[in-house]
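Undergrad: Below is one structure. I have some questions about it.
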Amino acid sequence: MDEGKKHEGGNSWITVWGNRTIVAGLLLILGFLALLQSPGNTVEHPGLVFSQSDLPQLQDRIKIDEHAELWAEILQEAEGYCTPGTDRYANPSDVDGGPTRFGKTIGHSFGRRLSRWMETLGFAYWMTGEERFGDHGAQLLVASARALPATDERMAQSYAGGRGDFMRGLALGYDWLESRLNPVEKKIVEETSAGYIQNILDDAHQENMWWVPYHNYSGVAFGAAGLLSLNLQEAYPEKSKVWLEDC
Numbered sequence: 205m206d207e208g209k210k211h212e213g214g215n216s217w218i219t220v221w222g223n224r225t226i227v228a229g230l231l232l233i234l235g236f237l238a239l240l241q242s243p244g245n246t247v248e249h250p251g252l253v254f255s256q257s258d259l260p261q262l263q264d265r266i267k268i269d270e271h272a273e274l275w276a277e278i279l280q281e282a283e284g285y286c287t288p289g290t291d292r293y294a295n296p297s298d299v300d301g302g303p304t305r306f307g308k309t310i311g312h313s314f315g316r317r318l319s320r321w322m323e324t325l326g327f328a329y330w331m332t333g334e335e336r337f338g339d340h341g342a343q344l345l346v347a348s349a350r351a352l353p354a355t356d357e358r359m360a361q362s363y364a365g366g367r368g369d370f371m372r373g374l375a376l377g378y379d380w381l382e383s384r385l386n387p388v389e390k391k392i393v394e395e396t397s398a399g400y401i402q403n404i405l406d407d408a409h410q411e412n413m414w415w416v417p418y419h420n421y422s423g424v425a426f427g428a429a430g431l432l433s434l435n436l437q438e439a440y441p442e443k444s445k446v447w448l449e450d451c
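Count along the sequence shown from 1, add 204, and you get the number used in the working numbering.
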């Protein structure tokens with residue numbers, strides 16, 4: 205294990221395996237099973253990375269030797285996020301606490317933490333079927349959407365890449381945990397997501413914006429905004445068409 209690689213967990217830093225992120229590991233397990241959700245007003249969840257029809261194959265793949273160790277790491281991390289009193293516990297009442305960055309980089313701190321929670325708990329939920337993973341992830345998603353909208357001063361001042369990190373967390377969380385949200389909670393996440401999409405596109409259209417058209421933030425921000433736009437095709441059918449074209 206490369207002890208130099210750290211990632212934010214609950215309210216502390218946790219060590220992760222080498223330079224393999226959850227998403228990179230998931231893509232190895234998934235074997236690139238699913239294509240990106242195609243534009244259209246009917247949206248199925250999950251659909252951005254894999255679909256429900258892929259589940260049997262995925263559940264078989266995580267058992268084979270080359271993926272079993274990685275799956276055990278993901279599951280252990282998910283357990284920690286759900287267990288009060290552990291170093292990894294992710295508290296829905298403190299989703300905007302304990303940032304490790306400040307100023308214009310604070311969005312990276314909140315965004316990467318949210319993405320990690322959603323990737324880990326969402327995947328654990330679909331692989332095991334255990335509702336506690338899905339429900340805890342949904343609580344974190346809704347709490348984050350409430351606490352950190354695009355209008356929040358901390359997020360509004362953040363670099364586009366930090367807002368993009370947060371949008372990625374919203375996108376994966378909504379896609380993988382939508383079934384655990386009630387209508388009110390869905391609306392909260394949808395409205396916050398729409399606010400971020402419009403915020404990043406408005407920012408990008410400002411004259412001489414330094415991170416447009418070519419910057420690493422461009423991919424982070426526009427890619428995540430595009431994923432959110434795919435998620436919101438039912439909630440915002442007309443706006444999502446414009447957003448997708450713009451992203």
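Glycine included, C-beta positions come from ideal geometry on N, C-alpha and C. These figures come from a predicted structure and were not determined experimentally.
What are the start and end residues of the alpha helix (DSSP H) that includes Met413?
TA: Per DSSP, Met413 belongs to no alpha helix (DSSP H) and is neither H nor E.
Undergrad: Give me the Cα-Cα distance between Ser319 and Thr332, rounded to the nearest whole angstrom.
TA: 20 Å
Undergrad: If you run the structure through DSSP and keep just helix, strand and coil, what is Cys451?
TA: coil
Undergrad: Using the Cα positions of Asp379 and Phe327, report the straight-line distance between them to the nearest angstrom.
TA: 11 Å
Undergrad: When you compare the region 384-404 with the region 267-281, are there three or more beta-carbon pairs, one atom per stretch, that lie closer than 8 Å?
TA: no
Undergrad: Thinking C-beta only, is Asn403 closer than 8 Å to Ala347?
TA: no
Undergrad: Look up Glu442 in the DSSP assignment and say whether it is helix, strand or coil.
TA: Shown here, Glu442 sits in a helix according to DSSP, grouped into three states.
Undergrad: When we look at the beta-carbon of Leu240 and count the other beta-carbons within 10 Å, is it buried (16 or more) or exposed?
TA: Low confidence applies here, because Leu240 scores a pLDDT of 49, under 50, leaving its location unreliable and the question unanswered by this model.
Undergrad: Using the beta-carbon count (16 or more within 10 Å), is Gly301 buried or exposed?
TA: exposed
Undergrad: With a 10 Å radius around its C-beta and 16 neighbouring C-beta atoms as the bar for buried, classify His409 as buried or exposed.
TA: exposed
Undergrad: Given that a residue counts as buried once 16 or more other Cβ atoms are within 10 Å of its Cβ, and exposed if not, what is Asn435?
TA: buried
Undergrad: Residues in the same chain with beta-carbon distance under 7 Å from Ser444, minus the five sequence neighbours each way, listed in chain order, please.
TA: Within the same chain, and ignoring the five residues on either side of Ser444 in sequence, the residues whose Cβ sits closer than 7 Å to its Cβ are Ser433, Leu436, Gln437.
Undergrad: Measure the beta-carbon distance from Val424 to Gly373 and round it to whole angstroms, keeping in mind my assumption that it falls under 8 Å.
TA: 12 Å between Cβ atoms; not a contact.
Undergrad: Ignore the nearest five residues each way along the sequence and tell me which others in His312's own chain have a CB closer than 6 Å to its CB.
TA: Arg305, Gly366, Asp369
Undergrad: Which residues bound the alpha helix (DSSP H) around Ala272?
TA: Counting along the chain, the alpha helix (DSSP H) containing Ala272 begins and ends at 269-286.
Undergrad: By DSSP, does Val253 sit in helix, in strand, or in coil?
TA: If DSSP states are grouped into helix, strand and coil, Val253 belongs with coil.
Undergrad: Just to check my reading of the structure: Gly285 and Trp321 have Cβ atoms closer than 8 Å, yes? What is that Cβ distance to the nearest angstrom?
TA: Gly is not the amino acid found at residue 285; the sequence shown has Tyr there. Confirmed, about 6 Å.
Undergrad: Taking only the alpha-carbon atoms, compute the straight-line gap between Glu382 and Ala349 and give it to the nearest angstrom.
TA: 14 Å
Undergrad: Quick one: Cα of Tyr293 to Cα of Val299, how far?
TA: 11 Å
Undergrad: Is the beta carbon of Pro417 closer than 8 Å to that of Gln343?
TA: Contact: no.
Undergrad: Report the option in Asp406, Met371, Glu323 whose CA atom is closest to the CA atom of Val253.
TA: The shortest C-alpha separation from Val253 is found at Glu323.
Undergrad: Do you know how far the Cα of Thr396 is from the Cα of Asp450?
TA: 19 Å
Undergrad: Residues in its own chain within less than 8 Å of Met371 by CB, not counting five upstream and five downstream?
TA: Gly315, Ser397, Tyr400, Ile401, Ile404, Ala425, Ala428, Ala429, Leu431, Leu432
Undergrad: Taking only the alpha-carbon atoms, compute the straight-line gap between Leu279 and Asn412 and give it to the nearest angstrom.
TA: 45 Å
Undergrad: Closest by CA to Met359, which one among Leu262, Ala375, Arg384, Pro303?
TA: Pro303
Undergrad: Please list, in chain order, all residues of the same chain as Ala439 whose beta carbon is under 6 Å from its beta carbon, the five residues on each side excluded.
TA: Around Ala439: Glu394.
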